[in-house]
């Protein structure tokens with residue numbers, strides 16, 4: 001288990017899919033994550049079975065230390081051990097959990113896991129240009145903008161760019177040494 005002041009990470013459990021389901025029903029969360037597909041509970045249970053047997057990823061529940069409440073999830077995905085790189089994604093499950101410092105703590109824990117436990121050299125994510133809060137949070141966490149896929153998402157009658165961001169192990173080490 002990895003923990004900070006407010007949150008900790010634990011492996012995702014099948015029972016967590018109820019919280020995932022509520023998150024994918026929330027229009028604000030769907031928009032921020034660019035989720036266009038509809039999901040059933042059956043879909044999410046199948047997703048759980050797939051991810052727990054996939055050796056190229058680690059999936060974590062983001063939980064509050066004060067009451068063990070599940071507030072989100074994050075994943076280290078597409079792990080390429082040869083090139084020591086992976087993808088990263090995070091979602092808080094309700095707008096009520098935003099602006100409380102939970103996301104930045106969870107991102108720091110994910111970076112700690114990726115760079116210290118998995119010994120990766122690179123962590124990459126994609127975020128949509130309309131998700132200004134996430135862009136700012138990732139930059140604050142140390143991720144650098146590396147590219148833009150223009151008009152990659154059409155949602156809510158508008159196009160958004162997909163911003164590619166990354167952080168290298170040496171950049172992470174500089175951040176934690178401060």
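Residue numbers (our numbering): 1 to 178.
All C-beta atoms, glycine included, are put in the ideal place defined by N, C-alpha and C.
Residue i burial status per 10 Å Cβ neighbour count (16 or more: buried)
i, result
"residue 202", "Here the chain comprises residues numbered 1 to 178, so residue 202 is not present and cannot be evaluated."
"residue 176", "exposed"
"residue 23", "buried"
"residue 105", "buried"
"residue 68", "exposed"
"residue 117", "exposed"
"residue 160", "buried"
"residue 15", "exposed"
Enclosing alpha helix (DSSP H) for residue i [first to last residue]
i, result
"residue 24", "17 to 25"
"residue 173", "169 to 177"
"residue 44", "41 to 52"
"residue 135", "132 to 141"
"residue 109", "102 to 112"
Cβ separation of residue i and residue j, assumed to be a contact under 8 Å, to the nearest whole Å
i, j, result
"residue 8", "residue 65", "6 Å"
"residue 127", "residue 71", "With a Cβ gap of about 19 Å, residue 127 and residue 71 do not count as contacting."
"residue 92", "residue 133", "Going by Cβ atoms, the distance from residue 92 to residue 133 rounds to 10 Å, so no, they are not a contact pair."
Cut-off 7 Å between Cβ atoms - residues of its own chain near residue i, not counting five sequence neighbours on either side
i, result
"residue 131", "32"
"residue 80", "86"
"residue 136", "none"
"residue 34", "128, 153, 155"
"residue 89", "74, 75, 77, 125"
N- and C-terminal bounds of the beta strand (DSSP E) containing residue i
i, result
"residue 7", "7 to 11"
"residue 154", "144 to 155"
"residue 91", "85 to 92"
"residue 126", "122 to 128"
"residue 74", "70 to 80"
"residue 60", "58 to 64"
Beta-carbon proximity list for residue i, same chain, < 8 Å, skipping 5 on both sides
i, result
"residue 51", "12, 57, 59, 75"
"residue 95", "26, 28, 29"
"residue 3", "9, 65, 109"
Residues of its chain near residue i, where Cβ-Cβ distance is below 6 Å and the 5 sequence neighbours each way are ignored
i, result
"residue 149", "162"
- Task: Flag this pair as touching only if the region 135 to 143 and the region 30 to 50 have three or more C-beta atom pairs under 8 Å; answer yes or no.
- Result: Cβ pair count under 8 Å is below three, so no.
- Can we say the region 160 to 170 touches the region 112 to 132, given the rule of at least three CB pairs closer than 8 Å? The region 160 to 170 is in contact with the region 112 to 132.
- Is the region 55 to 64 close to the region 75 to 94, with three or more CB pairs under 8 Å? Contact between the region 55 to 64 and the region 75 to 94 is present, because at least three Cβ pairs lie under 8 Å.
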